[in-house]
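Okay, so here's the structure we're looking at.
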Amino acid sequence: MPMTSRGAVGRNSGYCAGLFAVSSILASPAAFGAGTTKGGSQYVQECAQAGVPTPPTWNYEDAFHQVNGSQWKRAGVIENEFISAAETAEAFYFESQSPPGVCIALPRSVFPAGQTPEQGPPTYISLLGVICQGKQTGKACFWDQGEQYVAGGISPFTTLQFGDGPLASAFVGGAELVGPGNDNPGGVCSTCHRGENVFIIHPASPFGLIPNLMPNVWGEPLLPVGWPGNEGPTSLFAPSDTGTCLGCHRSGATGGRFPEVSNQTPAYCNILRTSFRKTMPLPPTGNEQAVNFPPYQTLDSACNAPPAPASNPAQKMMSFDPPPQQFWTAQSGTLSQVSNQLTEGTSSMAVNASGYVRLDSGSFSTWQLPIVGTRLDLDVYVPPAGQPQPTWLGGVDLFITIPSAQLTNTFVGHVELTPGGTGWRTAAFQLPSQVRTALLEPHAAVRLGVAVNRAGGAPAILLDNLRFGGSLSLPPMTPAAGLQYDFERGGTWRGKEGVVTQAANSGEQWFLGASSLRVTINGSSSGRVYTKPLSSPPAGATVSYRVFIPGGAPVTAVQPYVADKNWVWAQSYNANLPRNGWVTLTAVIPPNATLPVQEIGVKFYLSGPYSGPLYLDAVQW
């Protein structure tokens, strides 16, 4: 598996204990990692479809001397190995243009006593791992070879293929990495290979010569079902933190972000601790070891503690790991956890009902998504036994509701289960353009719907690992920058008029944080809530207001407004707004407005009597 060192994880560790180098190793509160059941050429094809470069044929001597058309380039000897320290480790790489990305090979070889690689080939290659990662998708694939598979190791003159073939001439990859005895002879790669990318890269090493090491999105390994995912980035540090090692280990920087760590990630934590003591650059002031500085101490403490419970509702909902009733409801039948049949994480969700069953997720916000793609993939398990109609195994539909984007129970797609047969398969749903556009915008109160349709009397179907695929993009930014009123700790608007009888902070609904402004209505005409801003928005600014209208409220229109120094209103009139979801409304201050602004507010228009709440949150410009 990737690059590490045998000393960190044991003699058994092939590549997973292999590619060990560190600026990019430290790396999301999402469990990034897709389980694969494929090996050989099927795994190579699966990786290619996931945007991962296909590694070219490997031959050590051809790569070293750049002969016989070898596409591998040598970066150099790794001097500061953490594992396999008794052997000589060299880094080779293949840069792919289509798809963009990079493959790294890390042979650890035994040379005649006193001989360097420049003086002649090794006697044999003891451990040989290859990792390839796509730059655009972040997906990564792993292959392994060496003496744990072939007695006596690999000759430097041997040509190895990626795909099908005997062990003597082909790499082991994907699901094959568990070994015929399910004993993971090369180690469990994802216990060490975690972070913004899946490589383990130390600074001031030959790995610095290799391009495209950092993907555009958080790394996602394609490894055997049941192996750990790449949870992260860590929630221990704020994005604005740049002190000491966080100058490199942050989003967009050379080192990438750290992953989530706990006492359940001991292999990675061992690497982390060794790195801080051996290879991490010292802080800019003094010669103290990096272990004495807060970022390391924070990570080290987290490595000794149990995993923090996931707090992101979108990620928990998509993983199916928590108890189903926390994030999913079924209109009929029951839902339950299954821990012995899954594709990622700790459990899958069983739908204990036959016929047509509709499931609805809890609500989440688009900025809580780990990533946004052009496709949503859902792993579905159809039990082989007990199928009353083997010729029709059923189907799955996907729906989405984003009230503030005017999407209500919007149909995303349908997948028939019969062509895939029984067992696990992935139902892929291409996202309509308006759905993808909305997911890339800041919207709250988003809900997913899954409908499962099967023959009466069919056994429980399992769902797992709902995730984005296709062309991936970062989710929208949390709409907190420039937030003037969050209604979390004070900031209540006291001005009210007409049918508005009270305005007070409340935890009943919220767009962002844990509370909003509850605007209590009692009447049948119109009313408004308003305040004088502490600091005036500038001319030309767009003032955004998030509004929530409960179902049944006879609100015909909502009018956000800004009044300038001369009480001239700039406003927008918004009719036919969705219910039971947050919608963003705006008022644009004219460039020629007379400042300072005297008042900002929202006016509500009713078509009939109403006694109840409306909600306002996250006002910003």
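My numbering puts the first residue of the sequence shown at 1, with every later residue one more than the last. Glycine residues also receive a C-beta, built at the ideal position from the N, C-alpha and C atoms. It should be emphasised that the depicted structure is a prediction, and the values quoted were computed from it without experimental measurement.
Asked                                                                                                                                                                            : Found
Given this structure, state the Cα-to-Cα distance separating P626 from K603, to the nearest angstrom.                                                                            : Past the boundaries of the shown model lies residue 626; the chain is included only from 1 to 621, so the question cannot be answered.
Going by other Cβ atoms of all chains shown within 10 Å of its Cβ, with 16 needed for buried, is V547 buried or exposed?                                                         : buried
Could you give the DSSP three-state label for I271: helix, strand or coil?                                                                                                       : helix
Does the contact criterion of 3 or more C-beta pairs under 8 Å hold for the stretch 507-516 versus the stretch 568-579?                                                          : no
Residue range of the beta strand (DSSP E) that T334 falls in?                                                                                                                    : T334 to V338
My output table needs one value for F64: the three-state DSSP class, helix, strand or coil.                                                                                      : helix
Does any residue of chain D have a CB that is nearer than 9 Å to the CB of L222?                                                                                                 : Looking at the structure shown, chain D is missing, and only one protein chain is on hand.
Could you check which residue in P185, P442 and L448 has the C-alpha nearest to that of L431?                                                                                    : L448
Quick one, which of N352, A570, P117 and G226 has its alpha-carbon nearest N182's?                                                                                               : G226
Which residues in the same chain have their Cβ closer than 6 Å to the Cβ of A481, if we skip the five residues on either side of it in sequence?                                 : Per-residue confidence for A481 stands at a pLDDT of 48, beneath the threshold of 50, marking its modelled position as unreliable; the derived number appears in the next sentence. Nothing listed; no residue qualifies.
If you draw a straight line from the alpha carbon of G601 to that of P613, how long is it in whole angstroms?                                                                    : 16 Å
Skipping 5 residues on each side, what residues in its chain have a beta carbon closer than 7 Å to that of H249?                                                                 : L26, G255, G256, R257 and F258
Excluding sequence positions up to five away, which residues of its chain have a Cβ less than 7 Å from the Cβ of R358?                                                           : Q331, G449 and A451
Looking at the secondary structure, which residues open and close the beta strand (DSSP E) in which Y561 lies?                                                                   : V555 to A563
Restricting to Cα atoms, I'd like to know which of L160, V217 and P121 is closest to G470.                                                                                       : V217
Identify whether G229 lies in helix, strand or coil by the three-state DSSP scheme.                                                                                              : coil
For R467, collect the residues of the same chain with a Cβ closer than 6 Å to its Cβ; drop the 5 residues on either side in sequence, then sort them by chain order.             : D377
Here's a check: name, in chain order, each residue in its chain whose Cβ is nearer than 6 Å to the Cβ of V67, leaving out the five neighbours to either side.                    : none
Can you give the beta carbon distance from V597 to P533, rounded, assuming they're within the 8 Å contact cut?                                                                   : 6 Å
From the DSSP secondary-structure annotation, give me the bridge partner or partners of R634.                                                                                    : Outside the displayed span of the chain (1 to 621) sits residue 634, for which this structure offers no information.
So L439 is in the alpha helix (DSSP H); what residue range does that whole segment cover?                                                                                        : S433 to L439
Confirm, please, whether the CB-CB distance from A427 to S544 is below 9 Å.                                                                                                      : no
Within 8 Å, do at least three Cβ pairs link the stretch 319-336 to the stretch 293-304?                                                                                          : no
Taking just the CA atoms, how far does A168 sit from W367?                                                                                                                       : 48 Å
Along the chain, where does the alpha helix (DSSP H) containing A302 start, and where does it finish?                                                                            : P294 to C303
Skipping 5 residues on each side, what residues in its chain have a beta carbon closer than 6 Å to that of L439?                                                                 : T366 and V372
Give the DSSP-derived three-state secondary structure of F276 in the structure shown.                                                                                            : helix
Can you pull the DSSP bridge partners for N453?                                                                                                                                  : Y356 and G395
Cα separation between T408 and T265?                                                                                                                                             : 41 Å
May I have the straight-line CA-CA distance separating G76 from S473, to the nearest angstrom?                                                                                   : 34 Å
At the level of alpha carbons, what is the spacing between Y610 and T542?                                                                                                        : 31 Å
Check this for me: beta carbons of M317 and L463, under 9 Å apart or not?                                                                                                        : no
Do G394 and L417 have their C-beta atoms within less than 9 Å of each other?                                                                                                     : yes
Starting from the Cα of F487, find the closest Cα among G498, A504 and K496 and give me that residue.                                                                            : A504
Restricting to runs no shorter than 3 residues, where is the beta strand (DSSP E) found entirely within the stretch 86-114?                                                      : 88-97 and 100-110
Kindly list the residues whose CB is nearer than 6 Å to the CB of S96, restricted to its own chain and excluding five residues on each side of it in sequence; keep chain order. : P53
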